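>
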Amino acid sequence: MQNNENKRVYVIGQTEIAARPLVPALYLVATPIGNLGDITLRALETLAAADHVACEDTRVTRVLLDRYGIRQRPTAYHEHNATEAGPRLIEALENGRSVALVSDAGTPLVSDPGFRLVGQAQERGIRVVPIPGASAVLAALTASGLPSDAFFFAGFLPVKDGQKRTRLEEVKAVPGTLIFFESPRRLADTLEAMADVLGARQAAIGRELTKTFEEIRTGTLAELAAHYAEADTPKGEVVICVAPPEERTETADDVDKLLLSLAKEMPASKAAAEAARMTGGQKPALYRRLLELREGSDD
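In full-length UniProt numbering, the protein residues as written are 1 to 299.
1. For the stretch 231-246 and the stretch 267-283, state whether three or more C-beta atom pairs, one from each stretch, are separated by less than 8 Å.
2. How would you write the range of the alpha helix (DSSP H) that H52 sits in, first residue to last?
3. Between the Cα of M194 and the Cα atoms of L209, A222, F181 and P108, which residue gives the shortest distance?
4. I'd like the list of long-range same chain contacts for Y287, defined as Cβ closer than 6 Å, with 5 residues on each side in sequence excluded.
5. Using alpha carbons as the reference points, say which of R59, D57, I12 and T58 lies closest to A43.
6. Going by C-alpha to C-alpha distance, which of F115, T233 and P147 sits closest to T83?
7. Where in the stretch 76-101 do unbroken runs of the beta strand (DSSP E), each at least 3 residues long, occur, reported from the N-terminal end onward?
8. In chain order, what residues of the same chain lie with their CB nearer than 8 Å to the CB of N3, ignoring the 5 residues before and after it?
9. Using the beta-carbon count (16 or more within 10 Å), is H80 buried or exposed?
10. Go to residue 335, then tell me how far its alpha helix (DSSP H) extends in each direction, as first and last residue.
11. Does DSSP classify P108 as helix, strand or coil?
12. E208: which of T279, F156 and G236 sits nearest, CA to CA?
13. If I measure Cβ to Cβ from P74 and keep anything under 6 Å in the same chain, skipping five residues before and after, which residues do I get?
14. On the three-pair Cβ rule with 8 Å, is the stretch 251-264 touching the stretch 216-234?
15. Quick check: what's the CA-CA separation for M1 versus Y10?
16. Quick check for students: name the residue ranges of the beta strand (DSSP E) that lie wholly in the stretch 129-189, counting only runs of 3 or more.
17. Using a 10 Å radius around the Cβ and a threshold of 16 neighbouring Cβ atoms, would you call D112 buried or exposed?
18. Report yes or no: do three or more beta-carbon pairs, one from the stretch 124-132 and one from the stretch 27-38, lie closer than 8 Å?
19. So what does E16 bridge to, in DSSP terms?
20. Could you tell me whether the Cβ of L138 comes closer than 9 Å to any Cβ of chain C?
21. Quick one: grab the DSSP three-state call for V197.
22. Do the CB positions of V239 and E182 come within less than 9 Å of each other?
23. How should T142 be labelled, buried or exposed, when 16 other C-beta atoms within 10 angstroms of its C-beta is the threshold for buried?
24. When the Cα atoms are used, what is the spatial distance from P87 to V159?
25. Rounded to whole angstroms, what's the CA-CA distance from T15 to V102? Just pull it up for me.
26. With distances taken Cα to Cα, identify the nearest neighbour of E123 among G199, V63 and E94.
27. Please check the pair A275 and L259, which I expect to be a contact at CB under 8 Å, by giving their CB distance rounded to whole angstroms.
28. To which residues of the same chain is K283 closer than 6 Å at the C-beta, ignoring the five residues directly before and after it?
29. For the candidate residues Q72, G125, L22 and T233, whose alpha-carbon lies nearest to that of I90?
30. Which one of G280, F180, P32 and R185 has the shortest CA to CA distance from E67?
31. Three-state secondary structure (DSSP) at F215?
Next comes the structure, spelled out in structure tokens:
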């Protein structure tokens, strides 16, 4: 007779459903980002059937498991114990066991150390199976009203202002909507830095997504920075979406003038590199054009 504690079931409403056996593999299971109703049936069955459930915080995952009557004992796998916990999970997988990996919220591997475990599994020929579901990145993007045909997820920005602005300069020219995670305590300062570096772009703040006090606020970066500088420190998880840069339509004459102007202040190679960064052109072609302009001026 099967021990009640070892039953592999999940509960929907008042109905207990037996989970089908899993093929041995590493399963990447997306979990809700707030509302516990945002879990897929496939995710529930995978969590109930897995031999091991690895998670960031066992207390957080326990709430989800209890909500759906899943009798699992999750084990911790996070940034601080990945070196020790990872090999144990790989060993279990190599011994023909199934492992379900979850994060505290959303899709695993997005801003968490799960990518290392996936890499280790792939190196050993272990099957990796994604179980898709909730994602704060996609939830914020779709509700932002900003272009979604191309986007770049940049994660968390550095805490120090100088490093933060350097990183923003690095992604400034990305031809797509930029998406960031941020602490509510740093939101106003980060928006101010974005307004300074990225300019007058439209943006959207997604806060407490899928939860009771969900907020989607839109405006220019400067407007949002001013609002959150005056408001009380917001609570909850924050996602920032920033519109792509406006397309530039420099004429050939504009580029020539830019090259000659930059060449007055720096060596030709550096001038060409800077012009390439500013216009999106190719450095070798711009370097050749600068040499042509110089030769023409010598005639």
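In this text, a Cβ means the ideal position worked out from N, Cα and C, and glycines have one as well. Quantities reported herein were computed from a predicted structural model and do not represent experimental measurements.
By the coordinates alone:
1. Because the criterion of three Cβ pairs below 8 Å is not met, the stretch 231-246 and the stretch 267-283 do not touch.
2. By 1-based counting over the sequence shown, the position of residue 52 is 52. From DSSP, H52 is part of no alpha helix (DSSP H) but of the beta strand (DSSP E) over H52 to C55.
3. As a working mapping, residue 194 is identified with position 194 in the sequence shown. The shortest C-alpha separation from M194 is found at A222.
4. Within the sequence shown, numbered from 1, the residue matching residue 287 stands at position 287. Hits under 6 Å: A272.
5. Walking along the sequence shown from the start, residue 43 turns up at place 43. Of R59, D57, I12 and T58, the residue nearest in Cα terms is I12.
6. Here residue 83 corresponds to residue number 83 of the sequence shown, with the count starting at 1. For T83, the nearest C-alpha among the options comes from F115.
7. As far as the stretch 76-101 is concerned, its whole beta strand (DSSP E) runs of at least 3 residues are 99-101.
8. As a first step, residue 3 must be located in the sequence shown, where it is residue number 3. Because the pLDDT of N3 is 49, which lies under 50, any placement of that residue in the model is unreliable, and the number read from its coordinates should be weighed accordingly. Closer than 8 Å at the Cβ level, and outside the excluded window around N3, lies no residue.
9. Taking the sequence shown and counting its residues from 1, one reaches residue 80 at position 80. The residue is exposed, with fewer than 16 neighbouring Cβ atoms inside 10 Å.
10. With the chain running from 1 to 299 in the structure shown, residue 335 is simply not present.
11. On the sequence shown, residue 108 is found 108 positions in, with the first residue counted as 1. Residue state, collapsed to three classes: coil.
12. What you label residue 208 is simply residue 208 of the sequence shown in a count that begins at 1. The shortest Cα separation from E208 among T279, F156 and G236 belongs to G236.
13. Position 74 of the sequence shown, counted from the first residue, corresponds to residue 74. Excluding positions up to five away in sequence, the list reads V53, C55, T58 and T61.
14. Flag = no, the stretch 251-264 and the stretch 216-234 do not touch.
15. Along the sequence shown, read from residue 1 onward, the residue named residue 1 stands at position 1. Along the sequence shown, read from residue 1 onward, the residue named residue 10 stands at position 10. Bear in mind that a pLDDT of 36 at M1, under 50, signals an unreliable position, so the model cannot answer this.
16. Taking only runs of at least 3 residues, the beta strand (DSSP E) segments lying wholly in the stretch 129-189 are 151-156 and 177-182.
17. In the sequence shown, counting from the first residue as 1, residue 112 sits at position 112. D112 comes out buried.
18. A contact exists between the stretch 124-132 and the stretch 27-38.
19. Here the question's residue 16 lines up with position 16 in the sequence shown. According to DSSP, residue pairing for E16 in a beta bridge involves V11.
20. Of the protein chains in the structure, only one exists, and it is not chain C.
21. Here residue 197 corresponds to residue number 197 of the sequence shown, with the count starting at 1. Residue state, collapsed to three classes: helix.
22. Your numbering for residue 239 matches position 239 in the sequence shown. Your numbering for residue 182 matches position 182 in the sequence shown. Judged by their CB atoms, V239 and E182 are nearer to each other than the 9 Å cut-off.
23. The residue you call residue 142 lines up with position 142 of the sequence shown. Burial call: exposed.
24. Residue 87 sits at position 87 when you count from the first residue of the sequence shown. Residue 159 sits at position 159 when you count from the first residue of the sequence shown. Taking the straight line from one Cα to the other gives about 32 Å.
25. Position 15 of the sequence shown, counting from 1, holds the residue named residue 15. Position 102 of the sequence shown, counting from 1, holds the residue named residue 102. Taking the straight line from one Cα to the other gives about 24 Å.
26. Here the question's residue 123 lines up with position 123 in the sequence shown. When the alpha-carbon of E123 is set against those of G199, V63 and E94, the nearest one is in E94.
27. Residue 275 sits at position 275 when you count from the first residue of the sequence shown. Residue 259 sits at position 259 when you count from the first residue of the sequence shown. That belief holds up - the Cβ atoms of A275 and L259 are roughly 5 Å apart, short of 8 Å.
28. As a position in the sequence shown, residue 283 is number 283, starting the count at 1. Closer than 6 Å at Cβ, skipping near neighbours: A272, A273 and A276.
29. Residue numbering aside, residue 90 sits at position 90 when the sequence shown is read from its first letter. With distances taken between Cα atoms, I90 lies closest to G125.
30. Position 67 of the sequence shown, counted from the start, is the residue given in the question as residue 67. This sequence places Arg at residue 67; Glu is not what is there. The option with the nearest alpha carbon to R67 is P32.
31. In the sequence shown, residue 215 corresponds to position 215, counting from 1. Correcting the residue identity first, residue 215 is Glu in this sequence and not Phe. The three-state reading of DSSP puts E215 in strand, counting E and B together.
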